[in-house]
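Chemist:
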Amino acid sequence: MVSVALLIHAALALATPIRRATTFFNPADGGGSMLDVAGVGVGEPLNVIISGLSSPEVLTLDGMENFARAIGFSTECLGLHLGGPMSADLGDGNGQVNQTIELREDFRDPILGTCEESITGGNHFRVFQQNGTSANSGALFLAVSQEEDVIEHHTIVPDGYNIGRDALAAAAVGTTSYGGVTYFTTAQNITGLLTPGSTGINHGIAQDGIVTLLTVTVQPPQAAAHCLDFLGLHICLSF
Numbered sequence: 017m018v019s020v021a022l023l024i025h026a027a028l029a030l031a032t033p034i035r036r037a038t039t040f041f042n043p044a045d046g047g048g049s050m051l052d053v054a055g056v057g058v059g060e061p062l063n064v065i066i067s068g069l070s071s072p073e074v075l076t077l078d079g080m081e082n083f084a085r086a087i088g089f090s091t092e093c094l095g096l097h098l099g100g101p102m103s104a105d106l107g108d109g110n111g112q113v114n115q116t117i118e119l120r121e122d123f124r125d126p127i128l129g130t131c132e133e134s135i136t137g138g139n140h141f142r143v144f145q146q147n148g149t150s151a152n153s154g155a156l157f158l159a160v161s162q163e164e165d166v167i168e169h170h171t172i173v174p175d176g177y178n179i180g181r182d183a184l185a186a187a188a189v190g191t192t193s194y195g196g197v198t199y200f201t202t203a204q205n206i207t208g209l210l211t212p213g214s215t216g217i218n219h220g221i222a223q224d225g226i227v228t229l230l231t232v233t234v235q236p237p238q239a240a241a242h243c244l245d246f247l248g249l250h251i252c253l254s255f
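Just add 16 to the spot in the sequence shown (first one is 1) and you have this note's numbering.
#1: According to DSSP, which residues form a beta bridge with valine 53?
#2: In three-state terms, what does DSSP make of valine 74?
#3: Going by Cα to Cα distance, which pick from Arg142, Gly59, Leu51, Val56 is closest to glycine 107?
#4: So, is glutamine 115 buried or exposed, given that buried needs 16 or more other C-beta atoms within 10 angstroms?
#5: Per DSSP, which one or two residues make a beta bridge with isoleucine 226?
#6: Note down the Cα distance separating threonine 201 from leucine 69, rounded to an integer number of angstroms.
#7: At the level of alpha carbons, what is the spacing between tyrosine 199 and proline 236?
#8: Roughly how many angstroms separate the alpha carbons of glutamate 81 and glycine 57, rounded to a whole number?
#9: Please state whether DSSP places valine 189 in a helix, a strand or coil.
#10: In chain order, what residues of the same chain lie with their CB nearer than 6 angstroms to the CB of glycine 148, ignoring the 5 residues before and after it?
#11: Mind checking which residues open and close the alpha helix (DSSP H) that includes threonine 130?
#12: When you compare only the Cα positions, how much space is there between asparagine 139 and leucine 156?
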């Protein structure tokens with residue numbers, strides 16, 4: 017007979033995000049690609065990776081949404097999405113899988129800011145997770161780009177893949193916070209995963225072949241400090 021304690025332990029294990037052991041696996045090693053599928057024969061570069069060595073809670077859907085808000089992105093305007101999802105094969109055994117979520121620049125207004133982005137254009141990204149059984153890093157692969165306004169049908173601006181990647185990385189690096197969660201993020205630029213140029217790239221816009229690897233660490237809550245003066249000494253205790 018299975019004990020209640022064992023069942024509780026199993027439930028907690030399933031509810032707790034798993035800490036991974038590697039940054040990411042190169043999709044090409046498993047027959048995948050660093051381009052998503054945006055149309056026949058073309059794709060958009062997966063030009064930012066959130067490392068599998070990030071805090072495990074970041075590598076969940078809710079955790080990614082909260083981190084995105086900390087760096088100036090939110091879910092789509094009023095929850096509406098026009099157009100079909102893109103897909104990607106991350107070489108993890110899952111084959112082509114549709115994007116998990118699409119997030120847009122919110123101009124620091126997480127409620128209505130993405131409505132502004134949908135009209136005027138701005139930065140946005142699609143998220144794909146590498147979690148198949150053959151390459152289960154948990155890493156999040158992002159297709160980031162700066163797009164035109166709605167009149168231009170949200171096509172990518174000139175140099176928009178590089179611009180979008182660099183802007184997202186700049187917003188993320190260092191200490192950020194949202195919803196009571198504080199993050200510390202480091203960045204490393206990687207070459208060799210993407211071929212520079214415009215071959216196979218959606219809209220024929222060249223990109224420089226750089227992929228930025230972000231490692232996002234959730235910071236512990238600041239302990240409350242209680243201070244007192246005693247015998248001429250100023251003493252602070254944290255709890």
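From the three backbone atoms N, C-alpha and C, an ideal C-beta is built for every residue, glycine too.
Modeler: From the atom records:
#1: For the purposes of this step, residue 53 is identified with residue 37 of the sequence shown, where counting begins at 1. Looking at the DSSP assignment, valine 53 forms a beta bridge with Ser103.
#2: If you number the sequence shown from 1, residue 74 lands on position 58. Note: valine 74 maps to helix in three-state DSSP.
#3: Here residue 107 is taken as the residue at index 91 of the sequence shown, counted from 1. The option with the nearest alpha carbon to glycine 107 is Leu51.
#4: As a position in the sequence shown, residue 115 is number 99, starting the count at 1. A residue is called buried when at least 16 other Cβ atoms come within 10 angstroms of its Cβ; glutamine 115 meets this threshold and is buried.
#5: Here residue 226 corresponds to residue number 210 of the sequence shown, with the count starting at 1. Note: isoleucine 226 sits in no beta bridge, so no partner.
#6: The sequence position of residue 201 within the sequence shown is 185, counting from 1. The sequence position of residue 69 within the sequence shown is 53, counting from 1. Between the alpha carbons of threonine 201 and leucine 69 lies a gap of roughly 12 angstroms.
#7: Mapped onto the sequence shown, residue 199 falls at position 183. Mapped onto the sequence shown, residue 236 falls at position 220. Roughly 9 angstroms separates the two Cα atoms.
#8: Start at 1 with the first residue of the sequence shown, and residue 81 comes out as number 65. Start at 1 with the first residue of the sequence shown, and residue 57 comes out as number 41. Roughly 30 angstroms separates the two Cα atoms.
#9: For this step, residue 189 is matched to residue 173 along the sequence shown. Collapsing the DSSP output to three states places valine 189 in coil.
#10: For the purposes of this step, residue 148 is taken as the residue at position 132 of the sequence shown. Only Asp108, Gly109, Asn110 meet the Cβ criterion.
#11: By 1-based counting over the sequence shown, the position of residue 130 is 114. Counting along the chain, the unbroken alpha helix (DSSP H) around threonine 130 starts and ends at 129-136.
#12: Within the sequence shown, the letter at position 123 stands for residue 139. Within the sequence shown, the letter at position 140 stands for residue 156. If I take the Cα positions, the gap works out to 18 angstroms.
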